[in-house]
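The structure appears right after this line, and notes come after that.
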Amino acid sequence: MQPPVDRAELRRQLAHVRWIGGAPCAGKSSIVTLLAERYELAVYRCDEHFAAHTQRVEPSRQPTLHQISAMSWDEIWMQPVATQVENQFRLYREEFSMIVEDLLALPRSQPLLAEGTALLPECVAALLEQPDRAMWIVPTATFQQTHYRERGAWVQDVLNQCVDPDEAWRRWMERDLRFAHTIAQDAATRGLSVLWTDGSRSIAASAALVAAQLRIDTGTPSRVAQRSS
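Next up, the structure:
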């Protein structure tokens, strides 16, 4: 049995963290890269730790994470879209405690940006000392459908492992659209900020909006950023 969690103590220990959640294909990673360089921020990218988390999984505590990590891409995408979305939320809820453990183990000597789709509003909200420490970035349907394949060759590599690539792609896109709208609605309901990516702003402009919301734009830009400006 796990010991009770002291939420107030967790909020205190994670007060240096700025949270950037959202949906895939919204520009989160590019925005975080720009902000980290400009303001000399540490970065924790959830995606980079997912494989390690699957190795730490306890089936009794993280049954969905355990199950999905053992599935093929074809098995994942051929599930009904509603099931995929439900499992995605379950998986991220289960993974969140591992993410928190990782963050607590990192130095607290500088502000840290935590970024990833795994950062659900319902999980992050409980750890916020102030609502302006988090933002969710999501793409519009048009932007996602237009730009998703530009994310890299890995997208096609995934589809090549499916018996019906066209149907897998359709369900994949529908899953991510439903996920995006659900978390955007949940964040807004909780009084948390949402930024929609529709292609009308540059990455730099979006980063400026995020910096202002997270109150990290009041410090002095890094020397690297000053030299490149």
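Heads up: the sequence shown runs through residues 341 to 569, numbered per this note's numbering.
Note that CB positions come from ideal geometry on N, CA and C, so glycine has one too.
Just so it is clear, the structure is predicted and the values come from calculations on it, not from any experiment.
Which one of Tyr488, Met418 and Trp417 has the shortest CA to CA distance from Ala366?
Here residue 366 refers to the residue found at position 26 of the sequence shown. Checking every option, the nearest Cα to that of Ala366 belongs to Tyr488.
According to DSSP, simplified to helix, strand and coil, what is Pro420?
In the sequence shown, residue 420 corresponds to position 80, counting from 1. Correct three-state label for Pro420: coil.
With C-beta atoms as the reference, is Ala527 less than 8 Å away from Trp476?
Along the sequence shown, read from residue 1 onward, the residue named residue 527 stands at position 187. Along the sequence shown, read from residue 1 onward, the residue named residue 476 stands at position 136. Yes, Cβ-Cβ distance for Ala527 and Trp476 is below 8 Å.
Answer yes or no: do Gln484 and Asp516 have a C-beta to C-beta separation smaller than 8 Å?
Reading the sequence shown from its first residue, position 144 is the one you call residue 484. Reading the sequence shown from its first residue, position 176 is the one you call residue 516. Closer than 8 Å, so yes.
For Val564, does the count of other Cβ atoms within 10 angstroms reach 16, so buried, or fall short, so exposed?
Locating residue 564 in the sequence shown gives position 224, where the first residue counts as 1. Its pLDDT being 32, under 50, Val564 is placed unreliably by the model, and the measurement read from it follows with that caveat. It is exposed - the Cβ of Val564 has fewer than 16 other Cβ atoms within 10 Å.
Assuming Glu435 and Leu405 make a contact with CB atoms under 8 Å, what is their CB distance in whole Å?
In the sequence shown, counting from the first residue as 1, residue 435 sits at position 95. In the sequence shown, counting from the first residue as 1, residue 405 sits at position 65. 6 Å between Cβ atoms; contact.
Beta-carbon proximity check, Leu554 vs Arg473, cutoff 8 Å:
Taking the first residue of the sequence shown as position 1, residue 554 is located at position 214. Taking the first residue of the sequence shown as position 1, residue 473 is located at position 133. Their beta carbons are under 8 Å apart, which means Leu554 touches Arg473 by this criterion.
When you compare only the Cα positions, how much space is there between Tyr384 and Ala454?
Within the sequence shown, residue 384 is the residue found at index 44, counting from 1. Within the sequence shown, residue 454 is the residue found at index 114, counting from 1. The alpha-carbon atoms of Tyr384 and Ala454 are separated by roughly 5 Å.
Distance check for Thr537 and Arg378, CA to CA, integer angstroms please.
If you number the sequence shown from 1, residue 378 lands on position 38. If you number the sequence shown from 1, residue 537 lands on position 197. Spanning the two alpha carbons is a distance of roughly 21 Å.
Comparing C-alpha positions only, which one of Thr457, Asp414, Trp413 and Asp506 sits nearest to Leu431?
What you label residue 431 is simply residue 91 of the sequence shown in a count that begins at 1. For the residues Thr457, Asp414, Trp413 and Asp506, the minimum Cα distance to Leu431 belongs to Thr457.
Give me the Cα-Cα distance between Ala493 and Asn500, rounded to the nearest whole angstrom.
Against the sequence shown, residue 493 aligns to sequence position 153. Against the sequence shown, residue 500 aligns to sequence position 160. Going by the C-alpha atoms only, they are around 11 Å apart.
Ends of the beta strand (DSSP E) at Glu455?
To locate residue 455, count along the sequence shown from 1; it is residue 115. From DSSP, the beta strand (DSSP E) with Glu455 extends over Leu452 to Glu455.
Reduced DSSP category for Ala363 - H, G, I as helix; E, B as strand; rest coil:
Indexing the sequence shown from 1 puts residue 363 at position 23. It is coil, neither helix nor strand.
Contacts around Leu459, its chain only, beta-carbon distance under 6 Å, and the 5 residues preceding and following it disregarded
Residue 459 sits at position 119 when you count from the first residue of the sequence shown. Same-chain partners within the cutoff: Trp359 and Gly361.
Within 10 Å of its beta-carbon, does Met411 have 16 or more other beta-carbons around it, so buried, or fewer, so exposed?
One-based indexing of the sequence shown puts residue 411 at position 71. Met411 is exposed by the Cβ-count criterion.
Please tell me whether Ile543 and Leu374 are closer than 8 Å, where the distance is taken between their beta carbons.
In the sequence shown, counting from the first residue as 1, residue 543 sits at position 203. In the sequence shown, counting from the first residue as 1, residue 374 sits at position 34. In contact: Ile543 and Leu374 (Cβ atoms closer than 8 Å).
When the distance is taken between beta carbons, is Ala508 closer than 8 Å to Trp417?
The sequence position of residue 417 within the sequence shown is 77, counting from 1. The sequence position of residue 508 within the sequence shown is 168, counting from 1. A contact, by the Cβ cut-off of 8 Å.
Every unbroken beta strand (DSSP E) within the region 515-555, with a cutoff of 3 residues, ordered by chain:
533-537
Distance CB(Val503)-CB(Asp414) smaller than 8 Å:
Reading the sequence shown from its first residue, position 163 is the one you call residue 503. Reading the sequence shown from its first residue, position 74 is the one you call residue 414. Closer than 8 Å, so yes.
Measuring alpha carbon to alpha carbon, tell me which of Arg541, Val357, Glu349 and Gln525 ends up nearest Leu446.
What you label residue 446 is simply residue 106 of the sequence shown in a count that begins at 1. Per the Cα distances, Val357.
Could you check if Ala524 is buried or exposed, using at least 16 other CB atoms within 10 Å of its CB as the buried criterion?
For the purposes of this step, residue 524 is identified with residue 184 of the sequence shown, where counting begins at 1. Label assigned to Ala524: buried.
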